[in-house]
Amino acid sequence: MRFVKTVAVSALALAVSAPAALAEWQLRKPVEFIIMAGTGGGADQIARLLQGLIEKKGLSSRPFIPINKPGGSGAEALRYLQDKAGDDHTVMMTLNSFYTTPIIQEELGVDVTTFTPIGLMAMDTFLLWVHTDRDDITDLDSYVAAVKGAGLDWKVGGTGSGQEDSVLTAMMEAAFEYDVTYIPFPGGGTVAKNLIGNQIDSTVNNPSEQMEFYRAGSSKPLVQFTGERMAAFPDVPTAKELDVDIEYYMQRSVNGPPGMSPEAVAFYTDLFGELFASQEWQDFCTSDGLTCDNFLNGDDLAAFHATQVEAHKKLIEQVGADAITGE
Amino acid sequence: MEAILIPLGAGLLQAFEPLNLFMIFAGCLAGLFVGCMPGLGSVNGVAILLPVTFLVPPTAAIIFLAALYYGAMYGGAISSITLGIPGASTAVATVFDGRPMAQSGKADKALMAAAIASFIGGTVSIVLFTLFAPPLAAFALKFGPQEEFALMLLAFATFIGLGGDDIPKTIFSILLGLVMAAIGFDIISGQPRMIFFDMVEFQRGIGFLVLAIGIYGIGEMLWTLESTKGQVQMHSVNITWARFKENLREIKLYINSTWVGSFLGFFVGTLPAAGATPASLMSYGLSKTFSKDPDSFGKGNVAGVAAPEAANNAASTGSMLPMITLGIPGSPTTAILLGGMIIWGLRPGPLLFTESPDFVWGLIGSMYVANVATVLLNLALIPVFIRVLAMPFTLLTPIIFMLCVLGVFATTDRMFDTWIMLILGVCGYLLRKLNYPVAPAVLAIVLGPLAERSLRQSLISSQGDVTTFITRPISLTCVILALLLISYPLIQKMMRRRKMADAS
Chain Z
1 MRFVKTVAVS
11 ALALAVSAPA
21 ALAEWQLRKP
31 VEFIIMAGTG
41 GGADQIARLL
51 QGLIEKKGLS
61 SRPFIPINKP
71 GGSGAEALRY
81 LQDKAGDDHT
91 VMMTLNSFYT
101 TPIIQEELGV
111 DVTTFTPIGL
121 MAMDTFLLWV
131 HTDRDDITDL
141 DSYVAAVKGA
151 GLDWKVGGTG
161 SGQEDSVLTA
171 MMEAAFEYDV
181 TYIPFPGGGT
191 VAKNLIGNQI
201 DSTVNNPSEQ
211 MEFYRAGSSK
221 PLVQFTGERM
231 AAFPDVPTAK
241 ELDVDIEYYM
251 QRSVNGPPGM
261 SPEAVAFYTD
271 LFGELFASQE
281 WQDFCTSDGL
291 TCDNFLNGDD
301 LAAFHATQVE
311 AHKKLIEQVG
321 ADAITGE
Chain Y
328 MEAILIPLGA
338 GLLQAFEPLN
348 LFMIFAGCLA
358 GLFVGCMPGL
368 GSVNGVAILL
378 PVTFLVPPTA
388 AIIFLAALYY
398 GAMYGGAISS
408 ITLGIPGAST
418 AVATVFDGRP
428 MAQSGKADKA
438 LMAAAIASFI
448 GGTVSIVLFT
458 LFAPPLAAFA
468 LKFGPQEEFA
478 LMLLAFATFI
488 GLGGDDIPKT
498 IFSILLGLVM
508 AAIGFDIISG
518 QPRMIFFDMV
528 EFQRGIGFLV
538 LAIGIYGIGE
548 MLWTLESTKG
558 QVQMHSVNIT
568 WARFKENLRE
578 IKLYINSTWV
588 GSFLGFFVGT
598 LPAAGATPAS
608 LMSYGLSKTF
618 SKDPDSFGKG
628 NVAGVAAPEA
638 ANNAASTGSM
648 LPMITLGIPG
658 SPTTAILLGG
668 MIIWGLRPGP
678 LLFTESPDFV
688 WGLIGSMYVA
698 NVATVLLNLA
708 LIPVFIRVLA
718 MPFTLLTPII
728 FMLCVLGVFA
738 TTDRMFDTWI
748 MLILGVCGYL
758 LRKLNYPVAP
768 AVLAIVLGPL
778 AERSLRQSLI
788 SSQGDVTTFI
798 TRPISLTCVI
808 LALLLISYPL
818 IQKMMRRRKM
828 ADAS
């Protein structure tokens, strides 16, 4: 142990005394690329695409290994990253449960503002989806009527209590004054499959999760929760056009554990910045309805996170944490 | 039929192109290695080797990764049999009978059975895949939470219904596994639960491999040390042509278990969320329940090696089905394959078959060839693998110990899990001394979380009404089968008694 400490201390001394080494900070082992959601969902698809692009473009000397930690609406992943404080070889693909889960589960003891922001890759969007078999549902009005008719027999699938889709579901419940039964699944891909298999009645999937089923004619979007209509869905009205004041986005940012070394932060920021600017990523954004205009990083991203945490606190207060956790 | 045969022929031709053929062999060989190293499962193998695939066209790339996945399924059996450490979670059931066989000098027979059963399992599975992919995908969609839970019930039933074993002790073991599975975050509400001594490390739960390596690696090692006082004479076998032919003739001993495992494995593999590990455990349980000689299972019955090996290979092919047709990976490894496909510009989903037929059929064709390649490689390498057993026990034991520690640390990256593994190893050894079966605990820790999730989803969706499990046809069928399986040993006993009464 003493030997290790000596080596560590002398390595540190060397690093401090040799500024040239700073610029050439390199990975020393494979990077754990944590995904705080299950396989097949939006975050998962994005992380795996990014991992592949890193390999394809040869941006990293060591592999990025994607690991899904979907437990407890991302609680498992958050806790994991918190415990990795000071580690330079772990980064996490996050979504909005990055904000909501620590608010709802105070006992988790995670404060995401202490995490190391690396880069905001995209803002993802939400649409309301039903199966194409539902001929009775053609627009938002007929949807609300169908839900009210079914009452608690109306099953909405989502990715977990406290996840962003449950927040959005609670917002809809408040706006339309109905109650639904919310069933959590381990990832957006599984939710999509259960909608196509008619195991659930509706869902608020991200575009990337439903795209292939939509193209195959198995599911249809009713409304999009964006400010303006997305290029990928020109015929689907936004909620605002229908006088429903719901606009909700999902952030897709990469973050590191608390206390990551500045050299590592610089390395990852460069790496993800390059990915962000790549043609492949921008193409994916267009085809999957993601907004990828601005690569926020460093203090800007930290400020963004802080505002989002506050906004979500307010949102959860409004709809009530109980409405989200279904208790 | 023509609609299938023509593209399949083209696919096979594609698989025989020199580059693709090379990729198949390279993938199988890499997979064998990755699979037999504890802690270096197919997930890591595929993730690490993903970059290799950017050097070749997409079809060759997916062929390589699929062959690797395949080879890893075989590879897992090698360390299960020769060292008694499951190389991957899918190979745990292979330890049950593979290890005792190796200890009694039949390692070559066990490895051969594993290779042949895997070959049959893989082939059956790929034929079913070729013929019925679209209808099976439609069937997989019918599986909601209720059906999933009923299937899990069926899986548990295959283990409770074992004749011969002490039923209360089996139930105790299952419950122990379920309790361990419940540690960590509640899967529905996300609240932490059963955090012993408030140690935050418990929030991550106890992984399945931690338990399996502890019980089988460490527990078994302690047991062997005690029962032999270190005077272990590992039987090494000389492989001769005559012995090989004799082994080939023994196929009839396990062919039935192999068929059962193949069909069951494929079916379970096609369901998203299940995967190869539950499939191999279920296949083992089923094979034992319906064996003429269930008591010999766990003591070196070759059918106990064949059943799970057929199932895990069949399931690994099966789990490609939801990935290709629905875009939902059936296992962590297929999730990485999925990532690869997205990079190559292929979007898995219902349209892949029609939009990229060359790719899909090339992959299917390669799976036929990969099967043949792995079985040939395996049979040829058996003499190499069993050299391990010729090592003196004083050398082998420390190696096993080291691999156990390394295997757990490599997968979880935490010393905490390594300690838990060692503690569980000692517990496993004590349970074994007290004649408790440990396999059901392993089964429970795998199936527990799957069963809990589907049970709670079902009850939320039916608003607490338990009849939801018997009002849906598929679910009802599974529940009835489960009940039959549980009562099967009782029925058997009654039949025997009646026969005896008739005779007198």
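Quick note, the sequences are listed as chains Z and Y, same order.
Going by this note's numbering, the letters in the first sequence line up with residues 1 to 327, in that order.
Going by this note's numbering, the letters in the second sequence line up with residues 328 to 831, in that order.
Every residue, glycine too, gets a C-beta built ideally from N, C-alpha and C.
Hey, Z:ASN68 and Z:MET250: beta-carbon distance below 9 Å or not?
no
Does DSSP put Z:SER219 in a helix, in a strand, or in coil?
strand
Using a Cβ distance threshold of 8 Å, determine whether the stretch 540-556 of chain Y contacts the stretch 101-112 of chain Z, with at least three qualifying pairs required.
In short, these stretches do not touch, since the Cβ pair count stays below three.
Does DSSP classify Z:TRP25 as helix, strand or coil?
coil
Does the distance from the CB of Y:SER643 to the CB of Y:TYR396 come in under 9 Å?
Yes, these two residues count as a Cβ contact at 9 Å.
Any idea what DSSP makes of Z:MET92, helix, strand or coil?
Taken through DSSP and simplified to helix, strand or coil, Z:MET92 comes out as strand.
Please report the straight-line C-alpha distance between Y:GLN784 and Y:ARG741, rounded to a whole angstrom.
Rounded to whole angstroms, the separation of the alpha carbons of Y:ARG741 and Y:GLN784 is 32 Å.
Just the Cα atoms here: how many angstroms apart are Y:MET439 and Y:LEU703?
11 Å
Does Y:GLY676 get closer than 9 Å to chain Z when you measure Cβ to Cβ?
Interface residue, yes.
Between Z:LEU108 and Y:ALA388, what straight-line distance do the alpha-carbon atoms span, to the nearest angstrom?
The straight-line gap separating the alpha-carbon atoms of Z:LEU108 and Y:ALA388 is approximately 42 Å.
What's the call for Z:THR138, buried or exposed, on a 16-neighbour Cβ count within 10 Å?
Exposed, because fewer than 16 other Cβ atoms sit within 10 Å of the Cβ of Z:THR138.
Give a yes or no on whether the C-beta atoms belonging to Z:GLY320 and Z:ALA170 are separated by under 9 Å.
yes
Classify Y:PHE343 as buried or exposed, calling it buried when 16 or more other Cβ atoms lie within 10 Å of its own Cβ.
exposed
Does Y:PRO649 get closer than 9 Å to chain Z when you measure Cβ to Cβ?
yes
Anything in chain Z within Cβ reach of Y:GLY667, meaning under 9 Å, just list it in chain order.
ARG48 and GLY52
Rounded Cβ spacing between Z:PRO70 and Z:PRO184 (contact assumed at less than 8 Å):
Contact doesn't hold; Cβ gap of about 10 Å is too wide.
Within-9 Å CB hit, Y:PRO605 to chain Z
Chain Z has no Cβ within less than 9 Å of the Cβ of Y:PRO605.
Contact with chain Y by Z:THR286, beta-carbon distance below 9 Å:
no
Looking at chain Y, is there any beta carbon in it that lies within less than 9 Å of the beta carbon of Z:ILE196?
yes
Within chain Y, the residues that Z:LYS193 reaches when beta carbons sit closer than 7 Å:
LEU468, PRO599, LEU653 and ILE655
What does the Cβ neighbour count give for Y:LYS826, buried or exposed, with the cut at 16 atoms within 10 Å?
Exposed.
Chain Y contacts from the stretch 145-170 of chain Z (Cβ-Cβ distance under 7 Å):
Against chain Y - using a Cβ distance shorter than 7 Å - the residues of the stretch 145-170 of chain Z are LEU152, LYS155, GLY160, SER161 and GLY162.
In this structure, what does DSSP give as the bridge partners for Z:ARG252?
Z:ALA122
Along the stretch 199-224 of chain Z, where does the CB come closer than 8 Å to a CB of chain Y? Name the residues.
GLN199, ILE200, MET211, GLU212, PHE213, ARG215, ALA216 and SER218
Z:ASP124 and Z:ASN194 closer than 9 Å at C-beta
No, the Cβ-Cβ distance between Z:ASP124 and Z:ASN194 is not below 9 Å.
Compute the Euclidean distance between the alpha carbons of Y:LEU749 and Y:ALA700, then round it to the nearest angstrom.
Rounded to the nearest angstrom, the gap between the Cα atoms of Y:LEU749 and Y:ALA700 is 38 Å.
Taking its Cβ as the centre, do 16 or more other Cβ atoms sit within 10 Å of Y:ALA828, making it buried, or is it exposed?
Exposed.
Take Y:THR661 and list the residues in its own chain whose beta-carbon comes closer than 7 Å to its own, dropping the five residues that flank it on each side.
SER646, MET647 and MET650
Collapsed DSSP secondary structure at Z:ILE65 in the structure displayed
When secondary structure is reduced to three states using DSSP, Z:ILE65 falls in the strand class.
Could you check whether the stretch 662-680 of chain Y touches the stretch 404-424 of chain Y, counting it as contact only if at least three pairs of C-beta atoms, one from each stretch, sit closer than 8 Å?
no
Whose Cβ in chain Z lies nearer than 9 Å to the Cβ of Y:LEU505?
By Cβ distance, chain Z contributes nothing, its closest Cβ being about 17 Å from Y:LEU505, past 9 Å.
Can you grab the Cα-Cα spacing for the pair Y:ILE747 / Y:LEU730, in whole Å?
15 Å
Interface residues of chain Y around Z:LYS329 at Cβ under 7 Å?
A query on residue 329 of chain Z cannot be resolved here, the shown segment of chain Z reaching from 1 to 327 and no further.
Contact set for Y:THR485: own chain, Cβ-Cβ below 7 Å, skip 5 residues either direction:
MET609, GLY612, LEU613, THR616 and LEU812
Start and end of the alpha helix (DSSP H) containing Y:ILE578?
578-597
Is the shortest distance between the beta-carbon of Y:LEU478 and the beta-carbons of chain Z less than 9 Å?
Cβ-Cβ to chain Z under 9 Å: no for Y:LEU478.
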